[in-house]
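Each residue of the sequence shown is one higher than the one before, counting from 665 in this note's numbering.
Here the structure comes first, spelled out in structure tokens, and everything after it is commentary.
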Amino acid sequence: MKKSLAVSVLAAAVSLAGCQSVNTTSGGAVGVERKQYMFSMLSSQEVDQMYAQSYQQTLGEASGKGLVDKTSTNAKRVQAIANRLIAQAPTFRPDAAQWKWEVNLIKSDEINANCGPGGKIFVYSALIDNLKLTDDELAAVMGHEIAHALREHGREAMSKAYGIEMAKQGAGALFGLGQDSLALADTVANYGMTLPNSRSNENEADLIGLELAARAGYNPNAAITLWNKMAKASEGAPPEFMSTHPASDSRIASLQAAIPKVMPLYQQAKKP
């Protein structure tokens, strides 16, 4: 009991000393206003650089196998939709206009897509082909992924992991990671980049993604048909996408409640 209490106190001390309260985006029409706690020694730039290296490694491996699709109709669809969504990203955070955005379609049987820190996007071909996504539905899933990046959910998860790991290692870890730094970095990166998103983070990505798509001129109702397709696809072997984006019974209800808030934005965007 004493050891447990000591760890709890230490964790609280690390949290207070090493974290800062931020709000990475404006609330938008959907009203995402939650304060986030980020580890002050883990900057956005460091996370962006870390992910950019991983992205380029994955891209290089896929390119070496001839799996990067730049010329197909779907590749052109993905790029065009990404361009329209990215143009709306500064609505939520102005600095996104200076991000080094990248988007690539990968030939794969994996039903997946992601947008990592700093605007690095992968879409896997099976997501489009197997689910037979319309442009509006593709915009919904890509908007959702971009929203994760805008809100820095990866850095937020990594910040929590740092707090936990440093609490285990002792207070001195706050100022010097020593020989365990690489192991700690691996643990944190895995936690932040590969484990399931929290329900609150998923809801934020749903809402901001909904608004991004609407502002870009894509029908927000497509978010409902998208998640219905995802649910159906999950009845057998769940797609990889669902391992990091767990389904929630309240997801569709939350989206339906938010659609009236963004429908005027969609209607405005569709005007000639």
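Yeah, the Cβ is synthetic: ideal placement off N, Cα and C, and Gly gets one too.
DSSP beta-bridge partners of residue i
i: ASN778; result: PHE786
i: LEU769; result: ASP733, VAL787
i: VAL926; result: According to DSSP, VAL926 bridges with nothing at all.
i: PHE756; result: For PHE756, which the question treats as bridged, DSSP gives no partner whatsoever.
i: VAL686; result: GLN700
CB contact flag (residue i, residue j, <8 Å)
i: ALA880; j: LEU795; result: no
i: GLU816; j: SER708; result: yes
i: MET714; j: CYS683; result: no
i: ALA878; j: LEU929; result: yes
i: VAL694; j: GLU875; result: yes
i: ASN776; j: LEU797; result: no
i: ALA761; j: GLY783; result: no
Exposure of residue i, with buried meaning 16 or more beta-carbon neighbours within 10 Å
i: ASP800; result: buried
i: LEU846; result: Residue placement at LEU846 is poorly supported in this model, since its pLDDT is 46, which falls under 50; the coordinates are not used for a value here.
i: THR735; result: exposed
i: GLU697; result: exposed
i: ASN747; result: exposed
i: SER727; result: exposed
i: THR737; result: exposed
i: GLN931; result: exposed
Residue i versus residue j - alpha carbon distance
i: GLY842; j: VAL805; result: At GLY842 the pLDDT is 46, less than 50, meaning the model places this residue with poor confidence; the figure from the coordinates comes in the next sentence. Those two C-alpha atoms are separated by around 41 Å.
i: CYS936; j: GLY780; result: Before going on, a small fix: residue 936 reads as Pro here, not Cys. So the alpha carbons of these two residues sit roughly 33 Å apart.
i: ILE810; j: ILE785; result: 8 Å
i: PHE905; j: HIS812; result: 14 Å
i: MET705; j: PRO754; result: 25 Å
i: ARG757; j: LEU871; result: 15 Å
i: LEU802; j: VAL742; result: 8 Å
i: ALA716; j: GLU766; result: 10 Å
i: TYR882; j: GLY691; result: 20 Å
i: GLN752; j: ALA921; result: 22 Å
i: PRO903; j: ASN687; result: 31 Å
i: ILE770; j: THR722; result: 10 Å
i: LYS896; j: ALA744; result: 27 Å
i: ASP773; j: HIS909; result: 18 Å
Whole-angstrom C-beta distance between residue j and residue i, which should lie under 8 Å
i: GLY873; j: HIS808; result: 4 Å
i: ILE923; j: TRP891; result: Going by Cβ atoms, the distance from ILE923 to TRP891 rounds to 13 Å, so no, they are not a contact pair.
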